[in-house]
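What the sequence shown shows, in the numbering used here, is residues 196 to 418, in sequence order.
Positions of the beta carbon are idealized from the N, C-alpha and C atoms, including for glycine.
Given the structure is predicted, the values throughout are model-derived calculations rather than measurements.
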Amino acid sequence: MKTRDRLRIAMQKSGRLTEPALDLLTRCGLTFRQSRDKLFCFGEGEPVDLLLVRDDDIPGLIAQGVCDLGIVGRNVLNEFQLTGGVDAAPLHEWRPLGFGRCRLSIAVPHDMAYERASDLGGQRVATSYPGLLGDWLRTQGVDTQVVTLAGSVEIAPKLGTADAICDLVQSGGTLVANQLREVEVLLESEAVLAGPQTLPADERGDMIELLLKRLDGVIQVRE
Ligand code: ATP
Ligand code: ZN
Numbered sequence: 196m197k198t199r200d201r202l203r204i205a206m207q208k209s210g211r212l213t214e215p216a217l218d219l220l221t222r223c224g225l226t227f228r229q230s231r232d233k234l235f236c237f238g239e240g241e242p243v244d245l246l247l248v249r250d251d252d253i254p255g256l257i258a259q260g261v262c263d264l265g266i267v268g269r270n271v272l273n274e275f276q277l278t279g280g281v282d283a284a285p286l287h288e289w290r291p292l293g294f295g296r297c298r299l300s301i302a303v304p305h306d307m308a309y310e311r312a313s314d315l316g317g318q319r320v321a322t323s324y325p326g327l328l329g330d331w332l333r334t335q336g337v338d339t340q341v342v343t344l345a346g347s348v349e350i351a352p353k354l355g356t357a358d359a360i361c362d363l364v365q366s367g368g369t370l371v372a373n374q375l376r377e378v379e380v381l382l383e384s385e386a387v388l389a390g391p392q393t394l395p396a397d398e399r400g401d402m403i404e405l406l407l408k409r410l411d412g413v414i415q416v417r418e
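Next comes the structure, spelled out in structure tokens:
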């Protein structure tokens, strides 16, 4: 692949992480001219551009070298590490960013008895995170059927397509609304700065180091 001399950061085009991610980059001194198609934002001061995409595509874009860094939920990054395929270059969580906090949890219907992981034996659990759930079930030594759904996971028990769910939880309001009870936390998540394990040995690597320094300053001020 032709090497680029400008740094390219992938972030969510439209969603929970969009505003706080842009805000953080602005605090790091980066400014962008928004292009008309809003997929690509040209950086004005520094040689840093933005690619606005679906959050699920971010780890793959970094692994393929299309982008140098990405701002994405740890849940999405770790799921990619587990399911991205053998060709996927290993990625690294360079910094936790302190926003987009949530947890990946298992929740069961109120009328289902649950005390320990073994209670999931022989049950079906619906999730959009088959990698993370499968990994956890293996560490628990439980034989459970993982039902992979792209969305609306929380209604699966009502529909009868699963006995329990494994989904992202923030306030717990969605669980309550669906008569579900949170019983296990598999992952504490927040937005992270993701990148390759080794930084490029050119100007982009220098720019990343500068950006990490600025990030550390901004994050420290916030805490
Ligand atoms: P996209 O169109 O980019 O695929 P999405 O619907 O997958 O969007 P959002 O719902 O905007 O994504 O969530 C983005 C990230 O925000 C999640 O991956 C997660 O890290 C974080 N997050 C924080 N709280 C929640 C929550 N309550 N539910 C879902 N995600 C949350
Ligand atoms: Zn998504």
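Discussion item. Let me make sure I understand the geometry here. Which of His305, Arg311, Ser300 and Ala284 has the alpha-carbon closest to that of Pro325?
Written reply: Translated into positions along the sequence shown, residue 325 becomes position 130. For the residues His305, Arg311, Ser300 and Ala284, the minimum Cα distance to Pro325 belongs to Ser300.
Discussion item. Less than 6 Å separating the Cβ of Arg203 from some heavy atom of ligand 2?
Written reply: One-based indexing of the sequence shown puts residue 203 at position 8. No, the beta carbon of Arg203 sits no closer than 6 Å to any heavy atom of ligand 2.
Discussion item. Which residue marks the beginning of the alpha helix (DSSP H) containing Gln335, and which one marks its end?
Written reply: Position 140 of the sequence shown holds residue 335. Segment Pro325 to Gln335, the alpha helix (DSSP H) holding Gln335.
Worksheet item: Taking 6 Å as the cut-off, does the CB of Asp401 come closer than this to any heavy atom belonging to ligand 1?
Response: Mapped onto the sequence shown, residue 401 falls at position 206. Not so, every heavy atom of ligand 1 lies at least 6 Å from the Cβ.
Discussion item. Less than 7 Å between the C-beta atoms of Ala351 and Ala308, yes or no?
Written reply: Here residue 351 refers to the residue found at position 156 when the sequence shown is read from its first residue. Here residue 308 refers to the residue found at position 113 when the sequence shown is read from its first residue. No, Cβ-Cβ distance for Ala351 and Ala308 is not below 7 Å.
Worksheet item: Nearest to Arg399 by alpha carbon, out of Phe235, Ser230, Trp289 and Glu241?
Response: Position 204 of the sequence shown, counted from the start, is the residue given in the question as residue 399. Of Phe235, Ser230, Trp289 and Glu241, the residue nearest in Cα terms is Glu241.
Worksheet item: Just the Cα atoms here: how many angstroms apart are Asp251 and Arg311?
Response: For this step, residue 251 is matched to residue 56 along the sequence shown. For this step, residue 311 is matched to residue 116 along the sequence shown. Rounded to the nearest angstrom, the two C-alpha atoms are 31 Å apart.
Practice prompt. Assess, as a yes-or-no matter, whether the segment 375 to 382 is touched by the segment 216 to 224 under the definition of 3 or more beta carbon pairs within less than 8 Å.
Written response: no
Practice prompt. In angstroms with no decimal places, state the Cα-to-Cα distance between Asp397 and Gly210.
Written response: Counting from one through the sequence shown, the residue named residue 397 turns up at place 202. Counting from one through the sequence shown, the residue named residue 210 turns up at place 15. So the two alpha carbons sit approximately 32 Å from each other.
Item to complete: Leaving out five residues on either side along the sequence, give the residues of the same chain with a beta carbon under 7 Å from the beta carbon of Val348.
Response: Translated into positions along the sequence shown, residue 348 becomes position 153. These residues qualify, in order along the chain: Ala321, Thr322, Ser323, Ile360 and Asp362.
Discussion item. Please list the terminal residues of the continuous beta strand (DSSP E) segment that includes Gly171.
Written reply: Nothing can be reported for residue 171, as the shown portion of the chain is limited to 196 through 418.
Discussion item. Under 8 Å, with one C-beta from each stretch per pair, do the segment 333 to 346 and the segment 268 to 276 reach the 3-pair mark?
Written reply: no
Discussion item. Is Val348 close to ligand 1? I mean its beta-carbon at under 6 Å from any heavy atom of the ligand.
Written reply: Start at 1 with the first residue of the sequence shown, and residue 348 comes out as number 153. No; taking the cut-off as 6 Å, the Cβ of Val348 has no heavy atom of ligand 1 nearer than that.
Worksheet item: Ordered along the chain, which non-local residues of its own chain (more than five positions away) have a Cβ less than 8 Å from that of Ser230?
Response: For the purposes of this step, residue 230 is taken as the residue at position 35 of the sequence shown. Only Cys236 and Phe237 meet the Cβ criterion.
Worksheet entry | Residue of Arg319, Leu247 and Glu239 minimising C-alpha distance to Lys233 | The count along the sequence shown starts at 1 and reaches residue 233 at position 38. Residue Leu247 is the option with its Cα nearest to Lys233.
Worksheet entry | From Arg290, Val271 and Pro215, residue whose alpha carbon lies closest to that of Val387 | Against the sequence shown, residue 387 aligns to sequence position 192. The shortest Cα separation from Val387 among Arg290, Val271 and Pro215 belongs to Arg290.
Discussion item. Using DSSP's beta-bridge definition, name the partner residues of Asp244.
Written reply: Position 49 of the sequence shown, counting from 1, holds the residue named residue 244. Answer is Arg203.
Discussion item. Taking the straight line between their C-alpha atoms, what separation do you get for Ile204 and Val364?
Written reply: Against the sequence shown, residue 204 aligns to sequence position 9. Against the sequence shown, residue 364 aligns to sequence position 169. The alpha-carbon atoms of Ile204 and Val364 are separated by roughly 27 Å.
Discussion item. Please identify the residue among Gly260, Glu383, Pro304 and Arg228 whose C-alpha is closest to the C-alpha of Asp200.
Written reply: By one-based count along the sequence shown, residue 200 stands at place 5. With distances taken between Cα atoms, Asp200 lies closest to Gly260.
Discussion item. Does the beta-carbon of Asp338, which I'm using as the reference point, lie nearer than 6 Å to any heavy atom of ligand 1?
Written reply: Residue 338 sits at position 143 when you count from the first residue of the sequence shown. False, no ligand heavy atom lies under 6 Å from that Cβ.
Practice prompt. Using 10 angstroms around the beta-carbon of Gln392, count the other beta-carbons present and answer buried if the total reaches 16, otherwise exposed.
Written response: In the sequence shown, residue 392 corresponds to position 197, counting from 1. Classification of Gln392: exposed, given that the 10 Å Cβ count is below 16.
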